[in-house]
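J.: For the sequence shown, full-length UniProt numbering begins at 1 and goes up steadily by one.
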Amino acid sequence: MEHFTIATVAEKSPDFRRVLWTGEHTQLVIMTIPPDGEIGEEVHEGIDQILTFVSGVGEARVAGAKRKVAAGDLVVVPAGTKHNFVNTGPNPLVLYTVYGPPEHADQAVHKTKEEADAAEAAGEDEPPTE
1 MEHFTIATVA EKSPDFRRVL WTGEHTQLVI MTIPPDGEIG EEVHEGIDQI LTFVSGVGEA
61 RVAGAKRKVA AGDLVVVPAG TKHNFVNTGP NPLVLYTVYG PPEHADQAVH KTKEEADAAE
121 AAGEDEPPTE
């Protein structure tokens, strides 16, 4: 059994993105977005995403709509939907997200957005294949 006290685990991670668990159909990832940072506008074809915010404040931008987000908020991003999440506060925006199916390499850790972007561009952040 995998067990996480997810808010605590997420709060303790300084990394932009850390894959905690990868299953056959879903993946659990924690993210820390620095002040003035963002996830970056993207679209996941064939992948649903559910994001839950642990601390900090930000703005969700999903399918052309904008909404403030804070601790306790949850945002669903259906597959094929353009989205971005931006930290609008003075502290890190901390969240955990579930992808279905997995989106990133199992156990991937990217300390910064730049490192994450470079890994994706180099093809080093691919989800496991069956």
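Glycine included, every Cβ here is placed at the ideal spot set by N, Cα and C.
(1) Whole angstroms are fine: how far does the CA of Gly37 sit from the CA of Gln27?
(2) Sort His25, Thr129, Asn84 by Cα distance to Lys66 and report the nearest one.
(3) Go through the UniProt domain "Cupin type-2" (30-99) residue by residue and report every complete run of the alpha helix (DSSP H) that reaches 4 residues or more, in order.
(4) Assuming Ser55 and Glu11 make a contact with CB atoms under 8 Å, what is their CB distance in whole Å?
(5) With a cut-off of 8 Å on the beta carbons, I'd call Thr97 and Ile50 a contact; round off their distance for me.
(6) Confirm, please, whether the CB-CB distance from Val86 to Met31 is below 9 Å.
(7) For the beta strand (DSSP E) containing Thr8, list its first residue and its last residue.
(8) Buried or exposed: Thr22, going by 16 or more other Cβ atoms within 10 Å of its Cβ?
(9) Which residue or residues does DSSP assign as beta-bridge partners of His110?
(10) Evaluate Pro14 with the Cβ neighbour count: other Cβ atoms within 10 Å of its Cβ, from every protein chain shown; 16 or more gives buried, anything less gives exposed.
(11) Strictly by DSSP, which residues pair up with Thr22?
(12) Taking the alpha-carbon positions, what's the His25 to Gly89 distance?
T.: Based on what the coordinates show:
(1) 23 Å
(2) Asn84
(3) none
(4) The beta-carbon separation of Ser55 and Glu11, rounded to 6 Å, stays under the 8 Å limit for a contact.
(5) 7 Å
(6) No; because the gap between Cβ atoms is not below 9 Å, this pair is not in contact.
(7) Per DSSP, Thr8 belongs to no beta strand (DSSP E); it is in the alpha helix (DSSP H), 6-12.
(8) The Cβ neighbour count for Thr22, taken over all protein chains shown within 10 Å, is at least 16; the residue is labelled buried.
(9) DSSP, once it has assigned bridges, lists Arg17 as partnering His110.
(10) exposed
(11) Gln27
(12) 33 Å
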